[in-house]
Amino acid sequence: MSIEAAVRAIKRGGVIAIPTDTVYGLACDPANTAAVSRVYAIKRRPDRLELTLLAASLAEIEDDVDLTPEARILAVEFWPGPLSIVSRMRSRRWAIPRDGTTLMVRIPDHPIALKLLRRTGPLATTSANRHGDPAARTAEEVAAALGAEIDTVLDGGPSAGLASTIIDCTTTTPRVLRDGPISATALFSLLGGSPATTTEGQRSQ
0 MSIEAAVRAI
10 KRGGVIAIPT
20 DTVYGLACDP
30 ANTAAVSRVY
40 AIKRRPDRLE
50 LTLLAASLAE
60 IEDDVDLTPE
70 ARILAVEFWP
80 GPLSIVSRMR
90 SRRWAIPRDG
100 TTLMVRIPDH
110 PIALKLLRRT
120 GPLATTSANR
130 HGDPAARTAE
140 EVAAALGAEI
150 DTVLDGGPSA
160 GLASTIIDCT
170 TTTPRVLRDG
180 PISATALFSL
190 LGGSPATTTE
200 GQRSQ
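Just so we're aligned, residue 0 is where the sequence shown starts under numbering that gives the first Met the number 0, counting upward by one.
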């Protein structure tokens with residue numbers, strides 16, 4: 000499908016699959032409560048797990064989250080890229096998060112994803128697979144797993160297949176919630192501290 004068709008699907012409240020630099024993701028308009036609920040239903044995602052906000056630029060999320068100095072350092076260094084940053088919410092203009100007070104945000108390093116995001120604005124996303132199943136690396140894998148329940152798949156070729164690193168910057172010492180392409184050592188070398196990790200790695204699967 001074309002970028003134009005993907006934009007139309009998002010604007011009419013659809014749920015589509017998109018390529019990113021990490022894995023394929025389900026995506027919808029973050030302001031559309033029905034579309035967000037549909038993502039949860041398609042993925043069989045537990046309610047306690049929030050969706051991620053993908054954006055094309057840092058400026059687009061400035062009003063949504065309170066980026067700490069540490070978060071901003073990491074964003075400037077690693078965005079666009081495979082780093083998801085958990086931050087405290089600044090405003091509630093979206094249907095995500097549904098219950099929490101933090102929001103995970105990322106700028107993907109994928110030309111097709113960025114082209115789409117520049118047309119739609121930020122999107123609510125999660126990996127394109129049933130909860131607990133392996134993440135999809137290709138459009139074909141998405142179609143085989145979820146094709147009957149989503150509106151369309153935007154084919155961007157194979158993704159890397161490794162989900163993003165997640166770091167929680169809401170605590171005094173940021174915590175790595177999930178290991179990924181960017182190591183804890185690389186993150187904390189910029190922050191001048193020692194890596195802190197936790198076992199909350201299921202946050203975005």
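Backbone N, C-alpha and C fix where the C-beta goes; we use that ideal spot for every residue, glycine too.
Can you tell me whether residue 188 is helix, strand or coil according to DSSP?
Helix at residue 188.
Spell out a yes or no on whether the segment 24–41 and the segment 124–137 are touching, meaning 3 or more CB-CB pairs, one atom from each, closer than 8 Å.
Contact annotation: the segment 24–41 touches the segment 124–137, with at least three C-beta pairs closer than 8 Å.
Figure out for me which residue from 156, 161, 149, 187 has the closest Cα to the Cα of residue 16.
Nearest option by C-alpha distance: 149.
For residue 36, the first and last residue of its enclosing beta strand (DSSP E):
Counting along the chain, no beta strand (DSSP E) covers residue 36; the unbroken alpha helix (DSSP H) around it starts and ends at 32–42.
Does the Cβ-Cβ distance between residue 86 and residue 163 come in under 7 Å?
In this structure, the beta-carbon distance from residue 86 to residue 163 does not fall below 7 Å.
For residue 293, count neighbouring C-beta atoms within 10 Å of its own C-beta (all shown protein chains included) and say buried if the count is 16 or more, exposed if not.
The chain is shown only over 0 to 204; residue 293 falls outside these bounds and no answer can be derived.
If contact is defined by three or more beta carbon pairs under 8 Å, each pair taking one atom from either stretch, is the segment 155–162 in contact with the segment 43–57?
The segment 43–57, when compared against the segment 155–162, does not touch it at the 8 Å Cβ threshold.
Looking at C-alpha atoms only, which residue of 139, 109, 152, 88 is the closest neighbour of residue 101?
Ranking the options by Cα distance to residue 101, first place goes to 88.
For residue 207, which residues does DSSP report across the bridge?
Residue 207 lies beyond the residue range present for the chain, which begins at 0 and ends at 204; the question has no answer from this structure.
Does DSSP classify residue 14 as helix, strand or coil?
If DSSP states are grouped into helix, strand and coil, residue 14 belongs with coil.
Start-end ranges of the beta strand (DSSP E) lying completely within the segment 98–133, minimum 3 residues:
Here the runs fully enclosed are 101–105, 122–126.
With a threshold of 8 Å, are at least 3 pairs of Cβ atoms found where one atom belongs to the segment 165–177 and the other to the segment 53–63?
Between the segment 165–177 and the segment 53–63, the count of C-beta pairs closer than 8 Å stays below three; the two stretches do not touch.
Coil, strand or helix - residue 48 by DSSP:
Secondary structure at residue 48: coil, using DSSP grouped into helix, strand and coil.
Considering only their Cβ atoms, is the gap separating residue 9 from residue 151 smaller than 7 Å?
Against a cut-off of 7 Å, the Cβ pair of residue 9 and residue 151 comes out as no contact.
Round the Cβ separation of residue 153 and residue 5 to the nearest angstrom and send it over; I've been treating them as touching at under 8 Å.
At roughly 5 Å, the Cβ-Cβ gap stays under 8 Å, so residue 153 and residue 5 are in contact.
Straight-line CA distance for residue 74 to residue 57?
Cα-Cα distance, rounded: 8 Å.
Which residues in the same chain as residue 32 place their Cβ atom closer than 8 Å to its Cβ, once the five residues preceding and following it in sequence are excluded?
Cβ-Cβ distances below 8 Å link residue 32 to 94 in the same chain, with the five nearest sequence neighbours on each side left out; the list follows chain order.
As assigned by DSSP and simplified to three states, the class of residue 199
In this prediction, residue 199 has a pLDDT of 48, which is less than 50 and means its spatial position is unreliable; what the coordinates show is noted afterwards. The answer is coil: DSSP assigns residue 199 none of H, G, I, E or B.
Distance, residue 138 Cα to residue 78 Cα:
Rounded to whole angstroms, the separation of the alpha carbons of residue 138 and residue 78 is 24 Å.
Residue 85 by DSSP, collapsed to three states: which one?
Three-state DSSP puts residue 85 in a strand.
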